[in-house]
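Structure, as structure tokens:
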Amino acid sequence: MISRYVTYLRGRGWSYAATTILRLILLTLCLLTTGGYVVAQDDLAVPTDEVVRVRTDLITIPVFVTDSRGRRITALTQNDFAVRDNGQPVEVNYFAVSQQSIALIFALDASGSARDTITQQREAALALFSRFGHDSRVAVLHFSDQAQLAAQFTADADQVRRAFHFAPLRDRRTAIFDATLAAVRAYDRQATSSVVERRIIVLLSDGLDTASTVRASVVIDEAIARSVSIYVVHLPLFMPRDNRLVPRSPSKGFREMAKATGGHYFPAGNARTALDPRAEYDLTPVFQAIAEDIQGQYLLGYYPSGAMRDNRLHRIEVNLLRSDNRNLRVHNLREQYVSKSDK
0 MISRYVTYLR
10 GRGWSYAATT
20 ILRLILLTLC
30 LLTTGGYVVA
40 QDDLAVPTDE
50 VVRVRTDLIT
60 IPVFVTDSRG
70 RRITALTQND
80 FAVRDNGQPV
90 EVNYFAVSQQ
100 SIALIFALDA
110 SGSARDTITQ
120 QREAALALFS
130 RFGHDSRVAV
140 LHFSDQAQLA
150 AQFTADADQV
160 RRAFHFAPLR
170 DRRTAIFDAT
180 LAAVRAYDRQ
190 ATSSVVERRI
200 IVLLSDGLDT
210 ASTVRASVVI
220 DEAIARSVSI
230 YVVHLPLFMP
240 RDNRLVPRSP
250 SKGFREMAKA
260 TGGHYFPAGN
270 ARTALDPRAE
280 YDLTPVFQAI
290 AEDIQGQYLL
300 GYYPSGAMRD
310 NRLHRIEVNL
320 LRSDNRNLRV
330 HNLREQYVSK
340 SDK
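Going by numbering that gives the first Met the number 0, the first residue of the sequence shown is number 0, and it counts up by one from there.
Shown next as structure tokens:
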């Protein structure tokens with residue numbers, strides 16, 4: 000194309016020197032244009048789901064925001080939030096919307112009738128896990144009077160499915176709080192990761208603790224310290240009262256574990272299903288609600304300064320900055336942590 004154009008110009012009276020210079024200019028422009036196109040293509044090829052890696056001392060704060068009607072607000076950005084540590088402003092070093100990396104533990108009550116219901120929920124549980132990002136992992140813990148990790152953290156759905164099939168441990172006492180504490184501490188045994196994970200425990204139980212050696216308050220404190228939220232699914236037992244069936248009240252602290260750690264409490268079943276031996280629980284709506292709750296959250300993170308590393312309890316405040324956010328409310332799911340000294 001360039002040679003033809005140069006020949007045409009010579010026919011119109013252009014000198015050899017002039018057409019040679021023009022040829023060089025046109026070749027240079029072509030190379031620059033082509034090179035620019037390649038660079039642009041390379042820029043487009045950068046994956047949009049690149050994993051952001053961080054230091055292990057990052058303090059993470061899960062929050063969600065609602066409007067005056069209680070509806071979730073999910074269109075905010077990092078610049079909308081202000082974070083304070085013991086009243087001191089800190090820089091937000093990490094921000095994510097809709098958790099993509101989840102470390103999830105199913106804590107399953109293997110004692111009595113709860114086991115029969117739980118084993119029916121394998122596919123519903125796997126559907127919950129599948130809604131999170133490819134960096135997510137899941138573990139399964141069984142418990143009665145003792146807790147056992149039946150599946151270590153994995154992304155293998157078949158391994159998780161097998162862990163949901165287990166023999167009932169009848170005539171055993173039930174240590175719900177001990178088992179939940181074991182699940183919380185299971186995060187300590189993970190390989191150190193530079194990927195920010197949202198830590199979630201889904202506890203399925205009848206709520207009647209008969210053997211724990213620790214109180215719910217201990218579980219709550221250790222869960223908060225590790226940024227673990229507990230979602231409690233209550234499979235209640237029913238008893239007759241005043242010519243009708245009523246659910247037995249769970250042990251003190253069973254519900255509170257959810258509220259205090261930023262999770263939720265979900266009752267399942269009713270008197271009708273309790274009377275019908277053929278009735279089956281369907282926890283799919285519960286698991287969907289858990290997924291939507293987690294995906295409607297923001298995760299903020301910051302690195303504490305040297306002066307903040309004093310081995311003391313620190314209070315975390317999260318507020319919205321802009322005046323047009325005044326009708327919105329921030330729900331902070333981690334209001335405190337104990338700092339660790341570098342010494």
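Think of the CB as a built atom: it goes at the ideal place given N, C-alpha and C, for glycine as much as any other residue.
Check: Could you tell me whether the Cβ atoms of Val218 and Leu180 are closer together than 8 Å?; Outcome: yes
Check: Just curious, the alpha helix (DSSP H) that Asp220 is in, first and last residue?; Outcome: 215 to 224
Check: Buried or exposed for Thr73, please, with buried defined as at least 16 other CB atoms from any protein chain shown within 10 angstroms of its CB.; Outcome: exposed
Check: Secondary structure at Val337, three-state DSSP: helix, strand or coil?; Outcome: strand
Check: Can you give the Cα-Cα distance for Ser2 and Leu298, rounded to whole angstroms?; Outcome: Unreliable placement is indicated for Ser2, whose pLDDT of 49 sits below 50; no coordinate value is reported for it.
Check: Unbroken beta strand (DSSP E) runs of length 3 or more, entirely within the region 110 to 171: which are they?; Outcome: 136 to 142, 146 to 153
Check: Look at the Cβ atom of Phe152, then the Cβ atom of Arg136, and state whether they are nearer than 8 Å.; Outcome: yes
Check: How would you write the range of the beta strand (DSSP E) that Asp343 sits in, first residue to last?; Outcome: Because the chain here runs from 0 to 342, residue 343 falls outside it and cannot be looked at.
Check: Does the region 62 to 71 come close enough to the region 314 to 328 to have 3 or more Cβ pairs within less than 8 Å?; Outcome: yes
Check: For Leu103, count neighbouring Cβ atoms within 10 angstroms of its own Cβ and tell me buried if that reaches 16, exposed if not.; Outcome: buried
Check: Is Phe253 near Ala215, with beta carbons less than 8 Å apart?; Outcome: yes
Check: Is it true that the CB of Val317 sits closer than 8 Å to the CB of Ile60?; Outcome: yes
Check: What do you reckon, are the CB atoms on Phe265 and Ala288 nearer than 8 Å?; Outcome: yes
Check: Skipping 5 residues on each side, what residues in its chain have a beta carbon closer than 6 Å to that of Val89?; Outcome: Val82, Tyr301
Check: Find the nearest neighbour of Thr55 within the set Pro246, Ala222, Gln77, Glu196, judged by alpha-carbon distance.; Outcome: Glu196
Check: For Ala222, which residues in the same chain have their Cβ closer than 7 Å to its Cβ, ignoring the five residues on either side in sequence?; Outcome: Val183, Ile229, Thr260
Check: What is the C-beta distance between Asp115 and Phe142, in whole angstroms, given that I count them as a contact (C-beta under 8 Å)?; Outcome: Incorrect: roughly 16 Å between the Cβ atoms, too far for contact.
Check: Less than 7 Å between C-beta atoms, sequence neighbours within five positions excluded: which residues of the same chain meet that for Asp292?; Outcome: His263
Check: Taking Phe105 as part of the beta strand (DSSP E), name the residues at either end of that continuous run.; Outcome: 101 to 108
Check: Rounded to a whole number of angstroms, what is the C-alpha to C-alpha distance between Gln147 and Leu140?; Outcome: 6 Å
Check: Report buried or exposed for Met256, applying the criterion of at least 16 other Cβ atoms within 10 angstroms of its Cβ.; Outcome: buried
Check: Report the three-state DSSP secondary structure of Asp322 (helix, strand or coil).; Outcome: Sequence inspection shows Ser at residue 322; the Asp mentioned does not correspond to that position. DSSP places Ser322 in helix when its eight states are reduced to three.
Check: What whole-angstrom Cβ distance do Leu234 and Gly268 have, given they're in contact under 8 Å?; Outcome: 6 Å
Check: When the distance is taken between beta carbons, is Val159 closer than 8 Å to Leu125?; Outcome: yes
Check: Would you verify that the beta carbon of Val232 is, or is not, closer than 8 Å to some beta carbon of chain D?; Outcome: Absence of chain D from the displayed structure is noted, only one protein chain being present.
Check: Considering only the beta carbon of each residue, do Gly69 and Ser100 sit closer than 8 Å?; Outcome: no
Check: Phe128 to Gln119, Cα distance in whole Å?; Outcome: 16 Å
Check: Give me the residue from Phe176, Asp208, Ile200 with the minimum Cα distance to Tyr417.; Outcome: The structure shown does not extend to residue 417, since the chain is modelled only from 0 through 342, so no value can be given for it.
Check: Go ahead and pull the three-state DSSP assignment for Val183.; Outcome: helix
Check: Which residue marks the beginning of the beta strand (DSSP E) containing Pro266, and which one marks its end?; Outcome: 264 to 266
Check: What are the boundary residues of the alpha helix (DSSP H) that includes Thr65?; Outcome: Looking at the DSSP string, Thr65 is not in any alpha helix (DSSP H); the run it does join, the beta strand (DSSP E), is 58 to 65.
Check: So who's on the other strand from Gln287, going by DSSP bridges?; Outcome: Partner(s): none; Gln287 has no beta bridge.
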